[in-house]
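Everything below concerns the one structure shown next.
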């Protein structure tokens, strides 16, 4: 098993004809993912690398039975694209787009609460279950199938850590990039609970950063609800207060948003916390009894 | 994007929030003339994008144009928490009866706007939260419904307000919520919101922060950005769409992805070095962008070595390598550059680098080795 995406995923790409949408559709196809449809308003009837393009998500779902979507639509139109996917009944939606206004995302996430769907992102690298489904912009070659679940607010930091796991021949069940924005569809806790429930996942890796208090909330959850071991890493110890560090959500704005406060909460909850990305793979190895 | 008090008030007035008459001044003479125009008692208020200006002596109340000029002369150029005062706001004086606190922020955890109101205004809300938490009324708003009339009543009644004051605060709150939404704000804070001697409820100080991601639909607000107060390197980076934050160290850092770059900074610090900056070249960065990024990072005179840490997802390794080579060629950079390249098309990128390696470029296999090497090279003196 894996979480969120697997062999049963029938993927639809919103913004399939854009530069990034087209590039990554090619890569997702190469990974063996069933990309069944693309949507670009006004380009219905055409195709891209054999994938039929539709004008609307509703048409695409009706014609192809798509059950998940990945969004590469530019920021001004991205919230609308998420609403369209939600209204078309898709159960898993992954929004890659960076730079969606916060107010748009507040409306999206509050609407999401009324639907039986999971939104990953925005401003995220997507979701990848090795050799099952690639609904992401992640480089698939660094992954190998296995039993470690990875959840992260950062894309490239995920690659860095996954790469080191794979080098130690520690495979992954699913890697989920939840996104670096202040308001995101799915938080650490929801993904950690899926890993806990997944019989294939034996250990979870949580990669956090400065800003907000999602890591503290996750630490409490891990302590009270989880049985599988969790290894964590937090980035941003050197970040100055009040400066946005790349991710819109990565900003130190008072006590609990600092890397120190997050690490402290992790340690208090008895979670193995790495001091650098390379140490994560070592700690996972130990946790799995392979040390 | 943080706005100055005078800018925030200008925007809030469009949403029918009442403020006192005021004029912005950049010189003592202008402040004197402003005081003359306004007449009577005026407050001279430092315009800075940080708090604590009152305690720092950045606000003075005066009774004549001559005193206004003198006060402005003292305040202009003053340093408040690392911010130099370039402008003052000359504001009409008013007799004040009561001071309240009112703000709307984005609550990341609840994913909803959060309203905070307190009858203990004029001090920082964190202070009130510690000393008298019951004095703060909190309420979340469903962004799909907006602020409902009963919620406005709930706030004013919970705070123990009565009569015209309750009504006045309620009206301000309704208008402020519309402003919060309309301006795409991540924070609107009125502290204090005051009741004047005549019973009017008005905004005495305003702090407005607008979501950077929304600026594409607020050209007027984007135009309020104070170019002069910003760091020139940060300014240039922003123009070309790069995420750059200047720090105090000597190891220049470039990478892709906010998390990886933050982590690279941490690893450099752990290796005993001091990062000179944060620079995320972003997803889908091409040769042109990378070369501009390198240029910006090395234009900081303190930089003695550069660490280039790329793990390719959207960013392709071959483009990174070409960008790096073209930047070195174009700028003639002689500083030592440590490169670590992995991920999408990294092999192709490493091949391009190996075939054309300039003398000052060294490659390392891992992030930790690359960080240690960059720290060593910076210590050896760099340029």
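Residue numbers (our numbering), protein chains in the order written: chain A, -18 to 272; chain B, 2 to 384. In this text, a Cβ means the ideal position worked out from N, Cα and C, and glycines have one as well. Given the structure is predicted, the values throughout are model-derived calculations rather than measurements.
Counting only beta-carbon atoms, is residue 217/A nearer than 8 Å to chain B?
Indexing the first chain from 1 puts residue 217/A at position 236. Yes, residue 217/A lies at the interface with chain B (some Cβ there is under 8 Å from its Cβ).
Could you have a look at residue 16/B and say whether DSSP puts it in helix, strand or coil?
On the second chain, residue 16/B is found 15 positions in, with the first residue counted as 1. Residue state, collapsed to three classes: coil.
Is it the case that the Cβ atoms of residue 261/B and residue 138/A are separated by a distance below 8 Å?
Taking the first residue of the second chain as position 1, residue 261/B is located at position 260. Taking the first residue of the first chain as position 1, residue 138/A is located at position 157. It is a contact, given that the beta carbons lie within the stated cut-off.
Roughly how many angstroms lie between the CA atoms of residue 300/B and residue 335/B, to the nearest whole one?
For the purposes of this step, residue 300/B is taken as residue 299 along the second chain, with counting starting at 1. For the purposes of this step, residue 335/B is taken as residue 334 along the second chain, with counting starting at 1. If you take the alpha carbons of residue 300/B and residue 335/B, they lie about 12 Å apart.
Going by the beta-carbon positions, is the gap between residue 361/B and residue 341/B smaller than 8 Å?
Working through the second chain from its first residue, we reach residue 361/B at position 360. Working through the second chain from its first residue, we reach residue 341/B at position 340. Not closer than 8 Å, so no.
Span of the alpha helix (DSSP H) holding residue 86/A?
On the first chain, position 105 is the one that residue 86/A refers to. 83 to 93 is the extent of the alpha helix (DSSP H) around residue 86/A.
Suppose the cutoff is 7 Å on Cβ atoms and the five residues either side in sequence are ignored; what does the same chain contact list for residue 268/B look like?
Residue mapping note: residue 268/B aligns to position 267 of the second chain, counting from 1. Once the five neighbours on either side are set aside, the close Cβ partners of residue 268/B are 368, 369 and 372.
Please confirm if the stretch 49 to 59 of chain A is in contact with the stretch 24 to 37 of chain A, defined as three or more CB-CB distances below 8 Å between the two stretches.
no
Residue 184/B: first and last residue of the uninterrupted alpha helix (DSSP H) it sits in
Against the second chain, residue 184/B aligns to sequence position 183. Residue 184/B: not part of any alpha helix (DSSP H); DSSP gives it neither H nor E.
Residue 11/A CB to nearest heavy atom of the ligand GDP below 7 Å
In the structure shown, the ligand GDP is absent, as is every other ligand, since no ligand is present at all.
Of the listed residues 79/A, 47/A and 58/A, nearest to residue 69/A (C-alpha basis)
Numbered from 1 along the first chain, position 88 holds the residue referred to as residue 69/A. Out of 79/A, 47/A and 58/A, 47/A has the C-alpha closest to the C-alpha of residue 69/A.
Closer than 8 Å between beta carbons: that is the criterion. Which residues of the stretch 112 to 139 of chain A meet it against chain B?
118, 119, 120, 123, 133, 134, 135, 136, 137, 138 and 139
Does any residue of chain A bring its CB to less than 8 Å from the CB of residue 259/B?
If you number the second chain from 1, residue 259/B lands on position 258. So, interface residue.
Residues, ordered as in the chain, of the stretch 84 to 112 of chain B that lie near chain A by beta-carbon distance below 7 Å:
Residues of the stretch 84 to 112 of chain B with a C-beta less than 7 Å from any C-beta of chain A: 107, 109, 110 and 112, listed in chain order.
With distances taken between CB atoms, is the gap from residue 116/B to residue 105/B smaller than 8 Å?
In the second chain, counting from the first residue as 1, residue 116/B sits at position 115. In the second chain, counting from the first residue as 1, residue 105/B sits at position 104. Their beta carbons are under 8 Å apart, which means residue 116/B touches residue 105/B by this criterion.
Would you say residue 22/A reaches chain B, if we count a Cβ-Cβ gap shorter than 8 Å as a contact?
Taking the first residue of the first chain as position 1, residue 22/A is located at position 41. It does not; no Cβ of chain B falls within 8 Å.
What are the boundary residues of the beta strand (DSSP E) that residue 33/B is part of?
On the second chain, residue 33/B is found 32 positions in, with the first residue counted as 1. Unbroken run through residue 33/B is the alpha helix (DSSP H), 29 to 39; no beta strand (DSSP E).
Buried or exposed: residue 187/B, going by 16 or more other Cβ atoms within 10 Å of its Cβ?
Along the second chain, read from residue 1 onward, the residue named residue 187/B stands at position 186. Around the beta carbon of residue 187/B, 16 or more other beta carbons lie within 10 angstroms, which makes this residue buried.
Members of the stretch 254 to 266 of chain A near chain B, C-beta cut-off 9 Å:
256, 257, 258 and 259
Residue span of the alpha helix (DSSP H) that contains residue 248/A, given as start and end:
Mapped onto the first chain, residue 248/A falls at position 267. First-last of the alpha helix (DSSP H) with residue 248/A: 240 to 249.
Local conformation of residue 245/B per DSSP, three classes:
Reading the second chain from its first residue, position 244 is the one you call residue 245/B. Residue 245/B: strand per DSSP, three-state reduction.
Excluding the five sequence neighbours on either side, which residues of its own chain have a C-beta within less than 7 Å of the C-beta of residue 282/A, listed in chain order?
Nothing can be reported for residue 282/A, as the shown portion of chain A is limited to -18 through 272.
Near residue 91/B, which residues of its chain fall below 7 Å by C-beta distance, leaving aside the five closest residues on each side in sequence?
In the second chain, the residue the question calls residue 91/B occupies position 90. 23, 24, 26, 32, 35, 36, 39, 43, 45 and 69.
Counting only beta-carbon atoms, is residue 102/A nearer than 8 Å to chain B?
Position 121 of the first chain, counting from 1, holds the residue named residue 102/A. No, its Cβ sits nowhere closer than 8 Å to a Cβ of chain B.
How big is the Cα-Cα spacing for residue 61/B and residue 101/B?
Counting from one through the second chain, the residue named residue 61/B turns up at place 60. Counting from one through the second chain, the residue named residue 101/B turns up at place 100. Roughly 21 Å separates the two Cα atoms.
Closest by C-alpha distance to residue 121/B, when choosing among 107/B, 112/B, 137/B and 324/B:
Within the second chain, residue 121/B is the residue found at index 120, counting from 1. The shortest Cα separation from residue 121/B among 107/B, 112/B, 137/B and 324/B belongs to 137/B.
Hey, would you say residue 354/B sits closer than 8 Å to residue 345/B, going by beta carbons?
The residue given as residue 354/B occupies position 353 in the second chain. The residue given as residue 345/B occupies position 344 in the second chain. For residue 354/B and residue 345/B, no; Cβs fall outside 8 Å.
Within 8 Å, strictly: CB atoms of residue 217/A and residue 240/A:
The residue given as residue 217/A occupies position 236 in the first chain. The residue given as residue 240/A occupies position 259 in the first chain. Closer than 8 Å, so yes.
Closer than 8 Å by beta-carbon distance: list the chain B residues that pair up with residue 96/A, in chain order.
Position 115 of the first chain, counting from 1, holds the residue named residue 96/A. Residues of chain B passing the Cβ test: none, with the nearest at roughly 12 Å.
Coil, strand or helix - residue 49/A by DSSP
Here residue 49/A refers to the residue found at position 68 when the first chain is read from its first residue. Residue 49/A: strand per DSSP, three-state reduction.
Segment limits, alpha helix (DSSP H) that includes residue 133/A
Position 152 of the first chain, counted from the start, is the residue given in the question as residue 133/A. Careful: residue 133/A lies outside any alpha helix (DSSP H), inside the beta strand (DSSP E) at 126 to 133.
Interface residues of chain B around residue 11/A at Cβ under 9 Å?
One-based indexing of the first chain puts residue 11/A at position 30. Those do not exist, as residue 11/A stays about 12 Å from chain B at its closest Cβ, beyond 9 Å.
Top-ranked residue by Cα proximity to residue 20/A, from -5/A, 10/A, 8/A and 6/A
As a working note, residue 20/A is residue 39 in the first chain. When only C-alpha atoms are compared, the closest one is -5/A.
Is residue 328/B closer than 8 Å to residue 303/B when the C-beta atoms are compared?
Residue 303/B sits at position 302 when you count from the first residue of the second chain. Residue 328/B sits at position 327 when you count from the first residue of the second chain. No, they are not a contact pair.
Strand pairing of residue 104/B, partner residues [DSSP]
By 1-based counting over the second chain, the position of residue 104/B is 103. In the DSSP output, where bridge partners are listed per residue, residue 104/B has 117/B and 190/B.
Is residue 12/A buried or exposed, if buried means 16 or more other CB atoms sit within 10 Å of its CB?
Start at 1 with the first residue of the first chain, and residue 12/A comes out as number 31. A residue is called buried when at least 16 other Cβ atoms come within 10 angstroms of its Cβ; residue 12/A meets this threshold and is buried.
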